[in-house]
Amino acid sequence: MDFLRLIEETALATWVRESPSIWSFPVILLFHTFGMSLIVAVSAGIDLRILGVAPEMRLAPLEKFLPVLWIGFWLNFATGTLLLMADATMKLTNPDFYLKMAFIILSLINLRMIRKHVFRDPLIETGKFSGKARFLAWSSLFCWLVVITAGRLLAYVGQSSLYK
Amino acid sequence: MNLAHLHLLLNHFPTIGFGIGVVLFLVSLVARNLELKRASLVILFLIAVIAIPTYLTGAAAQDTLCERVNGVLKCPPDVSLVMIQKHEDWALLAFSIMEITGFVAWVGLWQMRRTSKLGVLNATAVLLLAVTAVGVMSVAANLGGDIRHPEILSPEEIAAAQSSERVPIARVIGSYVIGQTWLWPACEALHFVGLCLLFVTVLIVNLRVLGIAKSLSFTAVYQTLPLGMFGFGINLVTGMMFFLAAPQQYISNVEFHRKIILVVLAGINVLYFMLFDKAWKVKAGDDAPISSKFAALAALVLWIGILYYGNMLPFLGNAF
Chain F
1 MDFLRLIEET
11 ALATWVRESP
21 SIWSFPVILL
31 FHTFGMSLIV
41 AVSAGIDLRI
51 LGVAPEMRLA
61 PLEKFLPVLW
71 IGFWLNFATG
81 TLLLMADATM
91 KLTNPDFYLK
101 MAFIILSLIN
111 LRMIRKHVFR
121 DPLIETGKFS
131 GKARFLAWSS
141 LFCWLVVITA
151 GRLLAYVGQS
161 SLYK
Chain A
165 MNLAHLHLLL
175 NHFPTIGFGI
185 GVVLFLVSLV
195 ARNLELKRAS
205 LVILFLIAVI
215 AIPTYLTGAA
225 AQDTLCERVN
235 GVLKCPPDVS
245 LVMIQKHEDW
255 ALLAFSIMEI
265 TGFVAWVGLW
275 QMRRTSKLGV
285 LNATAVLLLA
295 VTAVGVMSVA
305 ANLGGDIRHP
315 EILSPEEIAA
325 AQSSERVPIA
335 RVIGSYVIGQ
345 TWLWPACEAL
355 HFVGLCLLFV
365 TVLIVNLRVL
375 GIAKSLSFTA
385 VYQTLPLGMF
395 GFGINLVTGM
405 MFFLAAPQQY
415 ISNVEFHRKI
425 ILVVLAGINV
435 LYFMLFDKAW
445 KVKAGDDAPI
455 SSKFAALAAL
465 VLWIGILYYG
475 NMLPFLGNAF
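Quick mapping for you: the protein sequence lines, in order, are chains F and A.
Residues 1 to 164, numbered by my numbering, are exactly what the first sequence covers, in order.
Residues 165 to 484, numbered by my numbering, are exactly what the second sequence covers, in order.
Encoded structure:
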């Protein structure tokens with residue numbers, strides 16, 4: 001706990017938490033939301049295509065959008081670290097936070113499996129996807145849904161010094 | 165010029181615009197004229213978009229007319245609060261039907277681009293919904309006129325308006341959203357889900373036009389548009405929950421006004437991709453023409469702007 005308090009009391013964390021500037025907490029949160037939209041939109045786009053949305057759109061070229069996803073990921077890694085530092089004692093003792101982290105890891109493993117089993121499948125151009133591909137698409141959507149919900153609820157569950 | 169003024173300006177569009185849209189649509193069905201069908205669907209969709217600020221400014225008009233004393237509205241003697249509340253009830257119903265009509269009309273337009281015809285099911289749904297919307301909207305508009313014009317009411321109507329006590333439906337829904345501790349956060353989480361679904365389309369369509377994944381033809385990425393519209397629908401419904409729960413924190417919030425202006429512009433922007441041939445003709449491997457790239461860039465700027473103003477509501481404005 002002392003270590004967490006130490007993080008929270010660093011100049012950077014204090015600035016994020018307490019600065020009245022629009023460039024601290026509000027803009028960091030804005031980029032965190034923006035990053036989320038990039039990550040989840042690209043991943044969900046691939047999942048929904050596998051599940052039959054936009055059947056005339058070939059799946060293979062959607063791989064070109066993955067760099068957009070990674071821009072979002074690193075953006076959220078950076079902004080997420082700042083938001084975590086600002087509220088370390090509360091977030092790192094909040095089970096909801098660990099739920100969110102666990103499901104981010106599951107989502108990324110899921111994405112890796114989709115790349116391996118769907119994008120590397122020689123039958124990808126036929127547009128017919130196996131039961132395994134469809135399962136991976138559903139589980140990816142589910143994992144992101146948990147991440148979004150758990151993330152939003154971080155503002156409500158546990159006693160956060162930022163929102164109260 | 166204030167929001168009440170804006171409401172008085174905008175409130176003519178839904179009634180008259182939908183009326184014109186329905187008549188044109190009927191003529192187009194009888195004459196089997198494809199272009200006229202397309203034009204009337206565009207009118208119905210755009211009026212449904214304009215209905216959003218029309219409804220939202222209504223709450224501001226009420227607060228301009230009547231004063232809020234300890235949370236209770238006190239209106240001047242020539243303004244009937246009961247009439248305002250009746251108007252609000254019918255307006256909320258009319259607004260809901262108009263948004264559904266706008267959505268179905270938009271789906272019809274989306275289909276027409278691909279198949280060059282309008283399905284019977286879609287045409288029937290648009291017609292029934294639009295006629296209902298015009299009817300309900302007329303009642304709402306008529307009641308709206310009664311608020312400030314007691315000269316058009318009979319003494320009995322005035323007496324009835326002054327005697328009855330009522331709670332508007334909008335307040336019932338709003339109190340419910342506030343009253344259930346889980347409902348506001350759930351709507352927020354859903355608002356993010358809707359945002360992500362909307363961005364699937366916003367990113368795939370606009371980034372393709374700008375040059376990422378050129379091996380996709382425009383007609384292929386065009387298929388994702390209804391998904392984006394579905395995401396927008398989720399956010400319109402969840403957004404309305406927030407507004408009905410706490411209208412005061414939005415009508416007095418400049419960031420919210422700017423957000424809604426951008427939503428209207430984004431509604432106009434999407435029509436570029438549905439009506440014009442420039443983007444439509446972009447084949448697999450083609451570079452999109454500069455005008456399409458401009459429209460795609462505008463779309464990205466608009467949606468990022470909407471995200472920005474939404475995020476800033478509690479920081480620059482006063483929302484919680």
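Beta carbons: idealized from backbone N, C-alpha and C, even for Gly.
For Ile432/A, the number of other beta carbons within 10 angstroms of its own is below 16, and it is reported as exposed. The CB of Phe356/A comes closer than 9 Å to the CB of Thr33, Met36, Ser37, Val40, Ile148, Thr149, Gly151, Arg152 in chain F, given here in chain order. In the structure shown, Val331/A adopts coil according to DSSP, grouped into three states.
Listed by position along chain A, the residues whose Cβ is nearer than 9 Å to that of Ile22/F are Met476, Phe479, Leu480. Taking the beta carbon of Gly45/F as reference, the chain A residues within 8 Å of it are Val364, Leu367, Ile368, Thr388, listed in sequence order.
Contact annotation: the segment 275–284 of chain A does not touch the segment 212–231 of chain A, with fewer than three C-beta pairs closer than 8 Å.
For Lys238/A, the enclosing beta strand (DSSP E) stretches over residues 236–238. Using a CB distance cut-off of 8 Å, Val16/F does not count as an interface residue toward chain A.
Secondary structure remark: continuous alpha helix (DSSP H) runs of at least 4 residues inside the segment 53–108 of chain F, in chain order: 66–86, 88–91.
A Cβ of chain F is located within less than 8 Å of the beta carbon of Tyr472/A.
Annotation for Glu199/A: the continuous alpha helix (DSSP H) segment containing it runs 198–229. The shortest C-alpha to C-alpha distance from Pro26/F to any of Ile71/F, Glu8/F, Ser37/F, Thr79/F is the one to Thr79/F. Contact residues of the segment 225–247 of chain A toward chain F are absent (C-beta to C-beta distance below 9 Å).
Around the beta carbon of Asn234/A, a 10 Å sphere encloses fewer than 16 other beta carbons of the protein chains shown; the residue is thus reported as exposed.
Following the DSSP letters along the chain, one finds Ser260/A inside the alpha helix (DSSP H) bounded by residues 245–279. Contact between Val373/A and Ser456/A holds: CB atoms are separated by about 5 Å, below the 8 Å threshold. Annotation for Phe420/A: the continuous alpha helix (DSSP H) segment containing it runs 418–439.
The bridge partners DSSP lists for Val187/A come to none. In the structure shown, the three-state DSSP call for Arg120/F is coil.
Cβ proximity to chain A below 9 Å picks out Ala54, Pro55, Glu56, Met57, Arg58, Ala60, Pro61, Leu62, Glu63, Lys64, Phe65, Pro67, Val68 from the segment 54–74 of chain F. Separation of the CB atoms of Val303/A and Trp254/A is rounded to 5 Å, and the pair is thereby assigned contact status at 8 Å.
In this structure, Phe420/A keeps its C-beta atom at 8 Å or more from the C-beta atom of Leu466/A. Against chain F, a Cβ distance below 8 Å from Thr383/A picks out Glu56. Contact check for Ala11/F against Ala384/A fails: the beta carbons are separated by 8 Å or more. In its chain, beyond the 5 residues on either side, no residue has a beta carbon closer than 6 Å to the beta carbon of Ala377/A. For Leu371/A, the C-beta contacts it makes with chain F under 8 Å involve Phe65, Val68, in order along the chain. For a Cβ distance threshold of 9 Å, residue set Leu361, Val364, Thr388, Leu391 of chain A lies close to Leu48/F, ordered along the chain.
Chain-ordered, the chain A residues with CB closer than 9 Å to the CB of Pro26/F read Asn475, Met476, Pro478, Phe479, Leu480.
For Trp15/F, the enclosing alpha helix (DSSP H) starts and ends at 11–18. Counted as a single uninterrupted DSSP element, the alpha helix (DSSP H) harbouring Glu8/F occupies residues 2–8. Chain-order list of chain F residues neighbouring Glu352/A: Arg152, by C-beta distance under 7 Å.
Shown here, Val157/F sits in coil according to DSSP, grouped into three states, outside any helix or strand. A Cβ of chain A is located within less than 8 Å of the beta carbon of Leu29/F.
Contact between the segment 18–33 of chain F and the segment 99–109 of chain F is not established, with fewer than three Cβ pairs separated by less than 8 Å. A straight line joining the alpha-carbon of Ile264/A with that of Glu9/F spans about 51 Å.
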